[in-house]
Each structure stands twice: as structure tokens, then as C-alpha cells.
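Protein sequence lines correspond, in order, to chains A and B.
All residue numbers for the first sequence refer to the numbering used here, where the first residue is 1 and numbers rise by one.
All residue numbers for the second sequence refer to the numbering used here, where the first residue is 1001 and numbers rise by one.
Backbone N, C-alpha and C define an ideal beta-carbon position, used for all residues, glycine too.
All figures in this text were calculated on a predicted structure; none of them were measured in a lab.
Notes follow the structure.
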Amino acid sequence: MPAKKIPTFAKAFSELEELTQWFETQDVDLDEGLKKFERGLELAAVCKKKLSEVENKVEKLKDKFNDLQDE
Amino acid sequence: MLEEGRKSISVGDYIDLINDAMALIPSEEIVVVGEIVGCRISQGKWINFDLKDEEREAKVSCFATTFKVKTPLEDGMRVQVVGYPKVYERFGKFSMNVEAVEPVGEGALAKAYMLLKAQLEKEGLFAVERKRLLPRFPQRIGLITSTEAAAYGDFIRILNNRWGGVEVVHTPVHVQGQHAVREIIAAFAAFDRLPKAERPDMLVLTRGGGSLEDLHAFNDEQVARAVFQSSIPVVVGVGHERDESLCDFVADVRASTPSNAAEVVVPDRREVWREISTSLTRMNDGLDHKLDRQNQKVESAMRSLRHFMETGMHEMRLVIDQFSHAFDRFRLSLVATRKHIDTLSRLLASYDIKNILERGFSVVRRSGKIVRDAKKLAPGNDITVQFGRGEIQAEVK
């Protein structure tokens, strides 16, 4: 079993949430706001890509668990 | 004589003999069923109770240790007991050395369940404060359930419906029957042993509904403790809504069914997509709002500038008008003054020459110009001669 990959979705999603909050709590500086909005669009694209994944992979924990399977 | 043809032995040897004889009973193959009466525990270690026959007038004293028997016992419980018969030489009393006790029948199971539940609750296994939060977007989920059960299919189906890209690590176990408890405990241990990077974000222990007897593994004290001790947050989803198990109470998150467990562990992609869209809209709105405000600022700045300019111009025009009026007046007065001065100066000049003429001089003019030299005149020239009083026209001869 490989090590878990970088949680791109969770990261992207939470960054998106932070950005949204920024827009709602800060006195938006226009230039900065534009930059952040662009970033938000990028993040949304990353998230959307992840959302289009439909497959879940099922594997059995065999190696570490075979002592039980043998019984 | 009594000893004729008989062997004489001591009391101790006699008891040994009885115990040896009873050792021939195939105790491993026997389960004695009866009702518990007079149950008491001394020093937290020794359990004594009588096992009463349910029909006949018969009972057996039983002795057990809390080390071996973990099920809380209570008078009136119907149990099945595995143990070895023994006569204690000191008291000459027969009793059964209990190896294992298990409640039988729904009533007894229910009672045992309530007792264990109370005990675990007292120990703090159900405490809300210790419940851990699940990550919203898990990458790896450990699934502990039977492959054959509908629970497995339901869980995977709902999981796939809702979310993708998750790695499900399944450890197949029996969820009922004699191996269930051991296998479930081993599954938790196996997940716990995984290196941190390989550990799932959460574990899901699930099975379909069933009778209290079917659910015994989920009401087992050791399984409950395994859930409690798991270093990974645990979701337990057993049966249909009305079913409850001890594992439910210990779990970090309790799901009502295997399907509900899937709903608990992963978000719905449609919902998340809506959230993302909303986020973008909100950001867009924030930006729009800002733009609007900036525009308003610019507009208001323009307005005040225009206002300033307009009022400035107006004032300037007033000043210019006033100035030009004043200037006009000034110019008129200048003209008047000049006229006045001219008149005055002409008057002054005329007064000056009159004084001389009065004394008898005359002034000769030709074409309006004073003639100062007689040589400038020639015969036939028309001249004007001005006297102190009056003048005449003359011709030079």
C-alpha cells in the first residue's frame, strides 16, 4: 500500500474557503481581490477535476492481515 | 470388620480420589445451563454464585474469577456455564470452577447488555469529549466488515454514489459467530500497526441489523474497548435505525446503517460542487461590490470636482463681470476725465493767449496755424487775424 498522496483536494478546498472568507471579511483591495479571484478560479478547477473522479479503489488488507485469513 | 476387603484412606486422599474421578467427566464438551442466584463478588476478584436448575429443585455452587469471567453477572440471569467440577478439601464442599459464562436467551442477553453498557459508560468509554472529528475529505478508509454481507455492498454503493478517488482498505471479518470478536479485534490491531503514512483517515465497522444474539460481537466488551483504543477515528454503523450496540456508543461517529456510514464518511460531490460554485459567486460578488464602491467613489469624486469647477467658474464669472463693470466704469471715467482735462487745457490755453491779446497784440493764422514769420506769407494768402476782442479775415497784399 503506497503512502497517501498529497491531499490536493482538501487543500484546494480549504484554500478556496479561506479566499471566500477573505472576500467577505476584508475591505477588498481591488488588485489583490483580482489576484485572489483568479486563484479561486484555479482552485475551483482543481476541485472540479477531483469531483469528476468517480472510481473508488477497494483493496484488501491482506499482507498484514493474513494471519486471520488462514485460520 | 469394615476394612475387610476394603482399602483404608485419609479424608484428603478420599477427596483427591473424588476429584480424580470427576476429572474423567468430559467437561470441555459440556455447557451447563441455569439461572444465577446469590451472585456476589469479593475483593473485586472472586465471584461466587449458585447455578439453579430451571425445572428441578437442584443447584450447583460456582466459583469464578473476574480475570476469566468479564461478563457482568446478576441474579436471575439465564446463563450457560463451562467449568470443571471440584470438591474443596478444606470445606468438603462441591462446586464448579467456572471457565466461561455466557448469557442465553434474549432476556439474559439484554440484561447482560444493560449491565455492560452501564459499566463502560461509567468508565468513560462513551464520553462525548473524547470523540474525534472525521476529516471531511478522506483519502483512505479502513473498512471492517464481512465481504458477503449486504452491508459491504451498501457501503461501497453509497460511497461510489457520493464521492470518488477514495482508497478503501477492506479487512474481511465475520460479523457474527464464534470468530467474529477475535477477528474484529485483530482487524483494529492490524490497522493500528500500520505505519502512520499508510493508516486510513478513519475506520468503518459495519454490519446489517440483527437480533441481540446476532449483534453479540458488537456488544462484546473487548470489541468495544478495541474501538475505544483505536488510534484512528472509528465510525460504527450497525443494522437499522432502531438497533443499537455498545460499539455505537464508543464510536467517534455513530451511523445508523451501513449506507448511512458511507454518507457520514464522504461528502456528496453534488453538494461540494454547489459549495464551490457558491464560493466563486461569493468571491465574484465581493469583487463586484468592491468595484461598485470604487465606481461610486470615482463618480462622487467627479461630481465634487464638477461641482467645484462649476461653482468656481460661476464665481470667476461674477468676478470678471464685476471687474469688467468696474473697468467699464473706470474707462468711462477715464474718457470723461480726459475730456474734462482737454476742455480745461483748451480753456487754460485760451485764457493764456487772451491776456496777451487784451494788451493789444494780434495773432495771425493761416489755415488755422499761427504765423510767426512774415516771410512765410505771400501776397494773396488768406489769413485770420485775432484780436483781443473778435477776429477778421484778410488777404495779404
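Handout entry: Integer-rounded CB distance, given that Ser1061/B should sit under 8 Å from Asp1050/B
Key = 6 Å
Practice task
Quick one: using the 10 Å Cβ neighbour count with 16 as the cut-off for buried, is Phe1387/B buried or exposed?
Solution key: exposed
Handout entry: Straight-line gap, Thr1206/B to Glu1198/B (C-alpha atoms, nearest Å)
Key = 21 Å
Handout entry: Test: Lys50/A CB closer than 8 Å to a CB of chain B
Key = yes
Practice task
Check Thr1257/B in the structure and name its three-state DSSP category.
Solution key: coil
Practice task
Spell out whether any CB of chain B is found under 8 Å from the CB atom of Glu53/A.
Solution key: yes
Exercise for the section: Could you check which residue in Trp1046/B, Ser1362/B and Tyr1084/B has the C-alpha nearest to that of Glu1029/B? Expected result: Nearest option by C-alpha distance: Tyr1084/B.
Exercise for the section: At 9 Å on the CB atoms, spell out the chain B contacts of Lys57/A, in chain order. Expected result: Gly1165, Val1166, Glu1167 and Val1168
Handout entry: Option nearest Gln961/B by Cα separation, candidates Phe1094/B, Val1166/B and Asp1020/B
Key = No statement about residue 961/B is possible, as the shown extent of chain B runs from 1001 to 1397 and does not include it.
Practice task
Would you verify that the beta carbon of Glu42/A is, or is not, closer than 8 Å to some beta carbon of chain B?
Solution key: no
Practice task
Output, in sequence order along the chain, the residues in the stretch 1252-1274 of chain B whose CB is closer than 8 Å to any CB in chain A.
Solution key: Arg1269, Val1272 and Trp1273
Problem - Contacts that Lys35/A makes with chain B (C-beta to C-beta distance below 7 Å) - result: Going along chain B, no residue has its Cβ under 7 Å from Lys35/A, so there is no contact; the nearest lies around 11 Å.
Problem - Unbroken beta strand (DSSP E) run spanning Thr1171/B, endpoints - result: Glu1167 to Pro1172
Problem - Beta-carbon proximity check, Gly1044/B vs Thr1066/B, cutoff 8 Å - result: yes
Handout entry: Identity of the residue in Asp1288/B, Arg1274/B, Asn1260/B and Val1396/B nearest Ile1156/B by Cα
Key = Asn1260/B
Practice task
Could you check what DSSP says for Asp1013/B in three-state terms: helix, strand or coil?
Solution key: helix
Practice task
Could you tell me which of Ser1231/B, Lys1052/B, Arg1372/B and Trp1163/B sits nearest to Trp1273/B, measuring between CA atoms?
Solution key: Nearest C-alpha to Trp1273/B: Trp1163/B.
Problem - Beta-bridge partners of Ile1392/B, as assigned by DSSP - result: In DSSP, Ile1392/B forms a bridge with Val1385/B.
Practice task
Check Ile1047/B in the structure and name its three-state DSSP category.
Solution key: strand
Handout entry: Where the beta strand (DSSP E) containing Met1096/B begins and where it ends
Key = Lys1093 to Pro1103
Exercise for the section: Could you tell me whether the stretch 22-39 of chain A touches the stretch 1296-1311 of chain B, where touching means 3 or more Cβ pairs closer than 8 Å? Expected result: no
Handout entry: Secondary structure of Lys49/A, DSSP reduced to three states
Key = helix
Practice task
Would you mind sorting Gln1176/B into buried or exposed? The rule is 16 or more other CB atoms within 10 Å of its CB.
Solution key: buried
Practice task
Answer yes or no: do Ala1187/B and Leu1125/B have a C-beta to C-beta separation smaller than 8 Å?
Solution key: Result no, Cβ atoms of Ala1187/B and Leu1125/B do not sit closer than 8 Å.
Exercise for the section: Give a yes or no on whether the C-beta atoms belonging to Val1238/B and Ser1245/B are separated by under 8 Å. Expected result: Yes; because the gap between Cβ atoms is below 8 Å, this pair is in contact.
Handout entry: Which residues DSSP lists as bridging Pro1085/B, in chain order
Key = Met1096/B
Practice task
May I have the straight-line CA-CA distance separating Ile1320/B from Leu1332/B, to the nearest angstrom?
Solution key: 18 Å
Exercise for the section: Specify the secondary structure class of Ile1007/B as computed by DSSP and reduced to three states. Expected result: Reading off the sequence shown, one finds Lys at residue 1007/B, where the question assumed Ile. Lys1007/B: coil per DSSP, three-state reduction.
Handout entry: alpha helix (DSSP H) runs contained entirely in the stretch 1128-1206 of chain B, provided each spans 4 or more residues
Key = The stretch 1128-1206 of chain B contains these whole alpha helix (DSSP H) runs: 1150-1162 and 1180-1193.
Problem - is_contact[Glu38/A, chain B] using C-beta, thresh 8 Å - result: no
Exercise for the section: Could you tell me how far apart the beta carbons of Glu17/A and Ser1277/B are, in whole angstroms, since I believe they sit closer than 8 Å? Expected result: 13 Å between Cβ atoms; not a contact.
Problem - Short CB-CB distance (under 8 Å) between Glu15/A and chain B - result: no
Problem - Span of the alpha helix (DSSP H) around Ala12/A - result: Thr8 to Thr25
Practice task
Work out the CA separation of Val1364/B and Arg959/B for me, nearest whole Å.
Solution key: Nothing about residue 959/B can be reported from this structure: the residues present for chain B run from 1001 to 1397 only.
Exercise for the section: Examine the Cβ distances between the stretch 1110-1120 of chain B and the stretch 1129-1143 of chain B and report whether three or more of them are shorter than 8 Å. Expected result: no
Exercise for the section: Using a Cβ cut-off of 7 Å, pull out every chain B residue sitting near Glu24/A, in sequence order please. Expected result: Arg1282 and Gly1286
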